[in-house]
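Okay, so here's the structure we're looking at.
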């Protein structure tokens with residue numbers, strides 16, 4: 002079971018406050034009610050499950066954004082980091098896997114393992130896999146699928162990002178589990194990894210629904226609220242038309258209903274310049 006670990010403020014800037022939410026009609030009290038209801042639901046479900054399973058994992062809490070218009074932009078597989086005041090990753094029991102640039106004989110990957118072993122708690126990394134092993138041990142689709150389900154978060158040396166889609170397969174990208182880039186060329190690896198673990202991530206797609214991991218069910222209610230504000234404020238900066246394109250905001254887990262914390266009316270349909278649709282059609286017919 003994943004237990005809550007050190008959720009102190011990360012090195013990245015996480016100074017977002019309720020006043021930074023630029024949504025007309027936003028009420029923090031609604032967030033508080035939704036958080037309380039969601040945590041109560043998760044607790045009830047955990048009590049039911051505990052009679053069948055001795056170990057029950059924490060639930061991930063998602064911030065779901067409904068956009069007014071579909072983004073007119075290509076899908077990007079490189080996730081956008083969103084700093085959080087209370088990080089989701091790096092706690093006790095959480096499994097972090099790091100993909101690294103490796104030589105054909107695996108020597109480079111072994112050297113990285115030795116350096117990480119010298120850091121406190123291996124720098125927060127449970128497993129290091131070199132590109133040479135990805136090509137051999139994880140060649141089959143089934144092996145790639147199992148790997149995708151084996152860890153809480155994947156990091157990768159940013160130098161190997163272009164080659165990763167072929168090496169790890171489609172499962173990672175379909176489930177939005179693609180690795181987070183880390184600059185392994187810097188001397189202070191521990192700081193780079195800690196910085197990556199201090200964020201949640203926005204995956205830019207082509208649809209009108211955006212899901213962002215913002216908390217775990219083991220968090221205190223105030224920690225969930227603070228993460229919601231921080232993630233929403235940061236995410237809005239990466240959405241086309243920013244705040245003006247947000248139709249609704251929800252909180253949910255993988256198994257719960259989506260609890261609304263903000264909703265607004267759709268924009269009025271754009272009128273055709275120079276008259277109504279009927280008039281425009283009449284002009285076109287002449």
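Residue numbers (my numbering): 2 to 287.
From the three backbone atoms N, C-alpha and C, an ideal C-beta is built for every residue, glycine too.
Since the structure is predicted, the reported quantities are computational estimates derived from the model, not experimental observations.
Considering Cα atoms alone, identify which of the options is closest to residue i.
i           : options               : result
residue 80  : 254, 71 and 177       : 177
residue 250 : 48, 193 and 68        : 68
residue 268 : 206, 248, 150 and 260 : 248
residue 62  : 245, 26 and 260       : 260
residue 252 : 139, 174 and 211      : 211
residue 104 : 134, 142, 60 and 198  : 134
residue 91  : 145, 115, 217 and 102 : 217
residue 193 : 129, 156 and 26       : 156
residue 164 : 180, 150, 149 and 175 : 180
residue 23  : 263, 264, 244 and 262 : 244
residue 1   : 148, 141 and 142      : Past the boundaries of the shown model lies residue 1; the chain is included only from 2 to 287, so the question cannot be answered.
residue 146 : 26, 160, 205 and 172  : 172
residue 116 : 19, 70, 191 and 215   : 191
residue 161 : 174, 101 and 141      : 101
residue 204 : 138, 144, 246 and 66  : 66
residue 232 : 127, 199 and 168      : 199
If we count the other Cβ atoms within 10 Å of its Cβ and call it buried at 16 or more, is residue i buried or exposed?
i           : result
residue 170 : buried
residue 153 : buried
residue 48  : exposed
residue 89  : buried
residue 132 : buried
residue 112 : exposed
residue 21  : exposed
residue 87  : buried
residue 201 : buried
residue 234 : buried
residue 266 : exposed
residue 208 : exposed
residue 95  : buried
residue 84  : buried
residue 150 : exposed
residue 55  : Confidence at residue 55 is low in this model, with a pLDDT of 49, below 50, so its placement is unreliable and the value that follows should be read with caution. With fewer than 16 other Cβ atoms within 10 Å, it is exposed.
residue 59  : buried
residue 26  : exposed
With H, G and I counted as helix, E and B as strand and the rest as coil, what does DSSP make of residue i?
i           : result
residue 234 : helix
residue 253 : strand
residue 261 : strand
residue 241 : coil
residue 220 : coil
residue 89  : coil
residue 40  : helix
residue 181 : strand
residue 113 : helix
residue 248 : strand
residue 31  : helix
residue 65  : strand
At a threshold of 7 Å, does residue i count as lining the ligand NAP (C-beta to nearest heavy atom)?
i          : result
residue 22 : For the structure depicted, the ligand NAP is absent and the ligand set is empty, with no information on it obtainable.
- request: Please confirm if the region 33-52 is in contact with the region 184-196, defined as three or more CB-CB distances below 8 Å between the two stretches.
  value: no
message: Quick test of the definition: if touching needs 3 or more C-beta pairs under 8 Å, does the region 215-222 touch the region 255-263?
response: no
- prompt: Within the chosen definition, does the region 38-47 reach the region 226-246 through at least 3 CB pairs nearer than 8 Å?
  reply: no
query: What runs of the beta strand (DSSP E), each 3 residues or longer, lie entirely inside the region 183-209?
result: 200-203
Sequence ranges, beta strand (DSSP E) only - wholly within the region 116-178, length at least 3: 128-131 and 154-158
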